[in-house]
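Encoded as structure tokens, the structure appears first; notes follow it.
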Amino acid sequence: MSITTQLQVVNRIRDLAQSHKMVSDVRYGFLGDVDDLPDFDPPVVYIIPQTISVPRDGIWRMSFAILAMDKLLQDQSNLDDVLSDCSGILMDIYSALLYNDGTAVESWSVQTGTQITLFHERFTEYMGGANMVINIDIFQDNCRADLPFN
45 MSITTQLQVV NRIRDLAQSH KMVSDVRYGF LGDVDDLPDF DPPVVYIIPQ TISVPRDGIW
105 RMSFAILAMD KLLQDQSNLD DVLSDCSGIL MDIYSALLYN DGTAVESWSV QTGTQITLFH
165 ERFTEYMGGA NMVINIDIFQ DNCRADLPFN
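Using the working numbering, the first residue of the sequence shown is number 45, and each one after it goes up by one.
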């Protein structure tokens, strides 16, 4: 039985985001790491790890916040375009994860249902975008084939 790790799930999300034609950069980390934002090429997708839980016997649930964001003009005249584009990017990533086209062999299940929240913030630049949280369920037997205990 194959072992599913958090890194495998992150890499799948990262691969999807990087292959999206509207995305220029993909980052992984916590929002406390936004100090590196001046060096990115927008639009950017940011993958943020969230909780790992056991919602029922035999299931690990990994949660991730995924942000898509782009620079806003000083007068924010491109706000409508940025919000629309970023929410569309998240919808595409969610759909690709939920409805696997057969190109990826995945041993997990994306849980249906998410919510996309739009935002604009001032980091080192004015940014606008969208945020969603996804939950991915993995069978516990699939996480650790051989536990590392004596």
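Quick reminder that beta carbons are idealized off the backbone N, C-alpha and C, glycines included. The model shown is predicted, which means the values in this text are computed figures rather than measured ones.
Annotation: the continuous beta strand (DSSP E) that includes V70 extends over D69 to Y72. In terms of Cα proximity to K115, the closest of D101, T49 and C130 is C130. One thing to note: L127 has its Cβ no nearer than 7 Å to the Cβ of G157.
Within the model, the alpha-carbon separation for I91 versus R56 is close to 11 Å. Burial state of T48 is buried, judged by a 10 Å Cβ sphere holding 16 or more other Cβ atoms. Look at the region 101–156 and you find these whole runs of beta strand (DSSP E), each 3 residues long or longer: 103–115 and 152–154.
Secondary-structure assignment with DSSP links S63 through no beta bridge to anything. With fewer than 16 other beta carbons inside 10 angstroms of its own, F167 counts as exposed.
Check the Cα spacing between N175 and each of E169, M106, S139 and M135: the tightest is with M135.
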